[in-house]
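Position 171, counted from 1, in the sequence shown is what our numbering calls 806; the numbers after and before it change by one each time, with no gaps.
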Amino acid sequence: MSRYTIFGTGNMATAIAGVLTAGGATVEHINSDQTSGATISGDTVVLAVPYPAVSGILTAYATQLANKTIVDITNPLNFETFDSLVVPDGSSAAAQIQQTLPGARVLKAFNTNFASTLTSGKVGENPTTVLVAGDDADAKSALIRDITAGQLRAIDAGSLKRAHELEAVGFLQLTLAASEKISWTGGFTVNN
Ligand SMILES: NC(=O)c1ccc[n+]([C@@H]2O[C@H](COP(=O)([O-])OP(=O)(O)OC[C@H]3O[C@@H](n4cnc5c(N)ncnc54)[C@H](OP(=O)(O)O)[C@@H]3O)[C@@H](O)[C@H]2O)c1
């Protein structure tokens, strides 16, 4: 059975936990009060926190995270301007995490899915599909298997380099929803 530790207890943490537990995985949460003392029991760690919180978690839990699968779901926007990402040009939040923890198996996933679409299984009238990018084939297929077991679709979106494109899609989707051109129950979808 897969064991997940999810940092955060907010909208995405709750929605992702719902998908994973529906598929038979066990899930524990670490909240923002547990600054560094918690034991990570999961083999896979989901960072369901705002991007600015990620670096503190990577520092505080560096030893425990060093060899884990880490799922980065963040959209690293500049929330003051809503007009750019805060990661270096051509890079991604996921690539930055991989650089910080070279022994970890970093995956990018869920950042193109609004939380409500993970819970409902629908993006408008279409089924919700989670796009998963990463360099470790085994880690990627394990996450895809667990998402699929939880009754959502999941697609291998390529290597960790594709996190750059996934973050661009997540950024654009957020600006469309924030400006009320699309709803928070909709968004981009793929058909296969
Ligand atoms: N909402 C969406 O539809 C959506 C879609 C795609 C991607 N995302 C991404 O998903 C991430 C989470 O978004 P969200 O909407 O779920 O936000 P949210 O509802 O505000 O939840 C954020 C969670 O992170 C926790 N947190 C903050 N710092 C922490 C720390 N150091 N250790 C442990 N937990 C910490 C918060 O705890 P406290 O409440 O105690 O501060 C809260 O539980 C963001 O990076 C966002 O860009 C969101």
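Positions of the beta carbon are idealized from the N, C-alpha and C atoms, including for glycine.
Near ligand 1: residue i beta-carbon under 7 Å from a heavy atom
i, result
"G759", "no"
"V767", "no"
"M636", "no"
"I665", "yes"
"F745", "yes"
"Y686", "yes"
"I692", "yes"
As assigned by DSSP and simplified to three states, the class of residue i
i, result
"F806", "helix"
"V662", "strand"
"K757", "strand"
"D791", "strand"
"V684", "coil"
"D707", "strand"
"T752", "helix"
"V722", "coil"
Integer-rounded CB distance, given that residue j should sit under 8 Å from residue i
i, j, result
"A744", "V722", "A744 to V722, Cβ: 17 Å. No contact."
"I641", "A688", "Wrong, their Cβ atoms sit about 13 Å apart, outside the cutoff."
"A750", "V741", "With 8 Å as the limit, A750 and V741 do not qualify as a contact, their Cβ atoms being about 21 Å apart."
"A813", "F717", "7 Å"
"L712", "L795", "Rounded, the Cβ-Cβ distance is 20 Å, inconsistent with contact."
Residue i, buried or exposed, once every other Cβ within 10 Å from all chains shown has been counted against 16
i, result
"A701", "exposed"
"S690", "exposed"
"K775", "buried"
"A652", "buried"
"D781", "buried"
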